[in-house]
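Read the structure below first, then the notes.
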Ligand SMILES: [Zn+2]
Ligand SMILES: [Zn+2]
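Here is the structure:
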C-alpha cells in the first residue's frame, strides 16, 4: 500500500461490444494512496477484513452534471469511471472501503478529543500573555452576542464532522448486520448532504493566516491541541476521500435492476432520472429513489428562479460585508475598526504580501467573481445560449470548488477575537461585517448547489433535436 497504483483497464468483450462506447475516454486510472496509521487502526478494529470482491461493477447511472446515461462499468481497485461527455467522476473503486473510513474516523475522533484537551495557541507581548483553547474561538463569538457566527462555527467545525464520522462508522460497522434499513438509508443520505459543509481544512488555513497577522506584534506559540487539530483535519479529509458514495449504496442495498440504456442519450430524453445520492436510475415521474429513498427530481426544483433569488440576496449582503468593520481592535483604549479591504491594505503595508494577496483573493475577489459567474451562467441558460457547454460546466465547477474557502476571513476573525483578550492592553472584537460576510459565503454556496448544471446540456439536446 501507499504507492501509486496504475493498472490498465480491460473490459469483457460483451460489454466492450455493446454500443459505440469508448473505453479510453470513460475510464481514468486513479492512484490509490494508503496510510500505515489507518491500517494499524483498521487492524485493531477489524482483524478480519471483509474484502469480498476484487472487481466492483458500478450500476448503470446518469451523470450528475450532464445527465448522460452511463452503462454499468467494472472497476479494478484503484480505478475510477468518468463521464465521457463532461469528465465528471462517477464512481471510484477504492481499496478497503469497509475498513479505511472506520479506521480514519476512529483516529480522527481521538485527535478531536486531544484538540479540545490542551492549549490551542498562546501569545505573549510586552510581558503579558494569553492562551486560547479551540473552543474559545467559538465561545468568544457567542459571548459577544454573535450567536449566528457561533452556530456556523460549531456546526462546520464540530457538529457536522462528528455526525459525519459517527454515521460513516455506524453504517460501515452495520454493513452486514441487520440495522433497520430505513435508519441505514437516512444515515446514508445524511452523509451525502453534510459533506460540502465540513470546513475544518478552511479553519486550519485561517489559523495559519492569524499566525502571520500576529507575528509582527507578539510571540506566538502553537499548543499541543493545534497539532492535534492538524491531525483531526488530515484524518477527516482522508476519511471522506476513502469512501465512494455509489459503492456504499451498492454495498448496503445491492445493485440496481439491469436496464437497457442508450449510452449516447441523456437520462431525461430516455424517460429516466438518476438519483443524485446513490446514482440509481428510476422512471421519470417517480417521487423517491427505490434504493436510497432520496427525493427524485428530473431537474432541481425551483429552476433558475431559486438560484436568481439566492444570488440577489448574497449580492445585497456583499455591500454591508465590505462597508462595515469585520474586526475591531481596541489598543490602550483606542478603538480602530477595520473593514475587509482595510485589513488587506494594512497587511500589505506591513509587508505581508502573500497573506494580503490570499485574504484579498479569498474575501474580496472570490465571492464577487462567484456571484458574477453564477449570474452569467443563469443568464446564459435563460437565454438559451448553446455555445461551449463544457466551458460553462468548468466555470460552474470552479464556483462550487472555491466557494467554501471564502470562509477563511470569518475564521481568522473568530481566532483573533478568541485569542487577543487583554483587558487593559489590547482586545479584538468581531465586527458586524463578519455576520454579513458569512451570510454571503453560505448563501452563494446554496445558490451554486441550487443551480442545475444539466440545464446547460438540455439546451444542446434541444439544439440537436431542431437540426
Ligand atoms: Zn457528464
Ligand atoms: Zn437513490
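Residue numbers (the working numbering): 9 to 475.
Glycine included, each C-beta is placed from N, C-alpha and C at the ideal position.
Item                                                                                                                              : Value
Straight-line Cα distance separating residue 375 from residue 460                                                                 : 20 Å
N- and C-terminal bounds of the alpha helix (DSSP H) containing residue 83                                                        : That residue, residue 83, is in no alpha helix (DSSP H); its beta strand (DSSP E) goes 81 to 84.
From 275, 204, 390, residue whose alpha carbon lies closest to that of residue 476                                                : Given that the chain is displayed from residue 9 to residue 475, the structure contains no residue 476 and the question cannot be resolved.
Residues sharing a beta bridge with residue 292, DSSP                                                                             : Its beta-bridge partners do not exist; DSSP assigns none.
Own chain partners of residue 466 with C-beta closer than 6 Å, once the 5 adjacent residues on each side are dropped              : none
Residue 110 Cβ short of 7 Å to ligand 2 heavy atom set                                                                            : no
Alpha-carbon spacing of residue 306 relative to residue 410, whole angstroms                                                      : 27 Å
beta-carbon residue 285 near ligand 2 non-hydrogen atom, thresh 7 Å                                                               : yes
The segment 128 to 146 contacting the segment 270 to 287, beta-carbon criterion three pairs below 8 Å                             : no
Integer Cβ distance of residue 258 from residue 66, believed to fall under 8 Å                                                    : 7 Å
Opening and closing residue of the beta strand (DSSP E) in which residue 128 lies                                                 : Counting along the chain, residue 128 falls outside any beta strand (DSSP E), and DSSP gives it neither H nor E.
For residue 78: DSSP bridge partner residues                                                                                      : 69
Contacting residues, own chain, Cβ-Cβ under 6 Å from residue 1 (five flanking each side not counted)                              : Nothing can be reported for residue 1: it is not among the residues displayed for the chain, which extend from 9 to 475.
CB contact flag (residue 108, residue 250, <8 Å)                                                                                  : yes
Same chain, Cβ closer than 6 Å to residue 160, five either side skipped, listed in chain order                                    : 446
Residue 320 - DSSP class collapsed to helix/strand/coil                                                                           : helix
Extent of the continuous alpha helix (DSSP H) to which residue 347 belongs                                                        : From DSSP, residue 347 is part of no alpha helix (DSSP H); its letter is neither H nor E.
Chain-order list of residues whose beta-carbon lies under 7 Å from that of residue 207 (same chain, five-residue window excluded) : 164, 165, 412, 415
Beta-carbon proximity of residue 301 to residue 193, cut-off 8 Å                                                                  : yes
Three-way DSSP call (helix, strand, coil) for residue 468 in this model                                                           : helix
Other residues of its chain near residue 361: CB distance less than 7 Å, five sequence neighbours each side excluded              : none
Classification of residue 197 by the beta-carbon crowding that lies within 10 angstroms, buried from 16 upward                    : buried
Outcome for residue 417 when other beta-carbon atoms lying within 10 angstroms are tallied against a minimum of 16                : buried
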